[in-house]
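A.B. asks: Residue numbers (the working numbering): 10 to 125.
Cβ atoms here follow ideal geometry from the backbone N, Cα and C, with glycine treated the same way.
If you're wondering where the values come from, they're calculated on a predicted model, not measured in any experiment.
Quick one: structure below, then a few questions.
Printed below as a string of structure tokens:
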């Protein structure tokens, strides 16, 4: 008769597999900027956008132009702010208690916060 071997799960191993927490994140401050000539008129312009959740800064001074009629991809490692930036662009952060956004995002030259 054979016995069953189960892996030992210690509290530290259990914590390591848990969801990452914002307060444990390390800010990414050396983003790569690639300058290229504009392809057409700018559809979306973000200027110095920062996002804070209950005082903890999650996004740092992002500026980005997205030309009209183009495909734009946000790529980067887990936790670098891609989803936070997208939630800011579609104003989903407006529904999160304690979230604060600074800077400006324009669509077709109009501040997205002025749209209804």
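1) Going by DSSP in three states, residue 87 sits in which element: helix, strand or coil?
2) Is it right to say residue 48 is buried, meaning 16 or more other beta carbons lie within 10 angstroms of its own, or is it exposed?
3) In angstroms with no decimal places, state the Cα-to-Cα distance between residue 50 and residue 66.
4) From the beta carbon of residue 115, is the nearest beta carbon of chain B less than 8 Å away?
5) Taking only the alpha-carbon atoms, compute the straight-line gap between residue 71 and residue 116 and give it to the nearest angstrom.
6) State the beta-bridge partners of residue 116 as determined by DSSP.
C.D. replies: Taking the structure as given:
1) Taking the first residue of the chain shown as 1, we reach residue 87 at position 78. Coil, per DSSP.
2) Counted from its first residue, the chain shown places residue 48 at position 39. Residue 48 is exposed by the Cβ-count criterion.
3) Here residue 50 is taken as the residue at index 41 of the chain shown, counted from 1. Here residue 66 is taken as the residue at index 57 of the chain shown, counted from 1. Between residue 50 and residue 66, the C-alpha separation is close to 31 Å.
4) You won't find chain B in this structure, because it holds only one protein chain.
5) Taking the chain shown and counting its residues from 1, one reaches residue 71 at position 62. Taking the chain shown and counting its residues from 1, one reaches residue 116 at position 107. The straight-line gap from Cα to Cα measures roughly 16 Å.
6) The residue you call residue 116 lines up with position 107 of the chain shown. Answer is 53, 119.
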